[in-house]
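Numbering (this note's numbering), first residue to last: 452 to 559.
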């Protein structure tokens with residue numbers, strides 16, 4: 452019985468370590484989109500990540516998030532009708548969450 456309990460403990464430890472290592476193999480880019488002049492959070496803005504072409508739409512809180520990214524340099528582009536497109540370049544690092552807040556300016 453002790454051997455079985457020991458084997459179960461070893462297996463659970465292995466699974467937990469493997470899961471932790473797997474999660475640390477990827478990066479996350481997240482942030483908020485806001486109005487450049489007022490600071491108001493912008494909802495329903497399109498956020499495109501290149502390379503990869505992943506697209507998110509900001510929520511009512513102006514937030515977006517891209518998970519499970521390979522470590523690389525990315526360009527985050529924000530577009531919304533009535534606003535000028537804005538973009539920022541960022542480097543995603545394994546196991547890190549990188550914040551990229553992007554202000555956009557209303558068209559005249």
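Beta carbons are placed, not taken as given, at the ideal position from N, Cα and C, and that holds for glycine.
Tell me which same chain residues have a C-beta within less than 7 Å of the C-beta of residue i, skipping the five on either side of it?
| i | result |
| --- | --- |
| residue 499 | 506 and 528 |
| residue 553 | 482, 484, 527, 529, 537 and 539 |
| residue 534 | 555, 556, 557 and 558 |
| residue 523 | 543 |
| residue 520 | 477, 478, 479, 480 and 543 |
Is residue i buried or exposed, if buried means 16 or more other CB atoms sit within 10 Å of its CB?
| i | result |
| --- | --- |
| residue 509 | buried |
| residue 484 | buried |
| residue 531 | buried |
| residue 543 | buried |
| residue 496 | buried |
| residue 545 | exposed |
Going by the DSSP bridge assignment, what does residue i pair with across the sheet?
| i | result |
| --- | --- |
| residue 524 | 542 |
Excluding five sequence neighbours on each side, which residues of the same chain lie with their C-beta closer than 6 Å to the C-beta of residue i?
| i | result |
| --- | --- |
| residue 479 | 518 and 548 |
| residue 514 | 483 |
From the beta carbon of residue i, is the nearest beta carbon of chain C less than 8 Å away?
| i | result |
| --- | --- |
| residue 525 | As a matter of chain content, chain C is missing from the structure shown, which is built from one protein chain. |
With a CB to CB cut of under 8 Å and the five nearest residues on each side skipped, what residues in its chain are close to residue i?
| i | result |
| --- | --- |
| residue 512 | 483, 492 and 494 |
Entirely enclosed beta strand (DSSP E) segments - the stretch 477-537, minimum 3 residues: Unbroken beta strand (DSSP E) runs of no fewer than 3 residues, entirely contained in the stretch 477-537, are found at 478-486, 497-501, 505-508, 514-520 and 523-530, following chain order.
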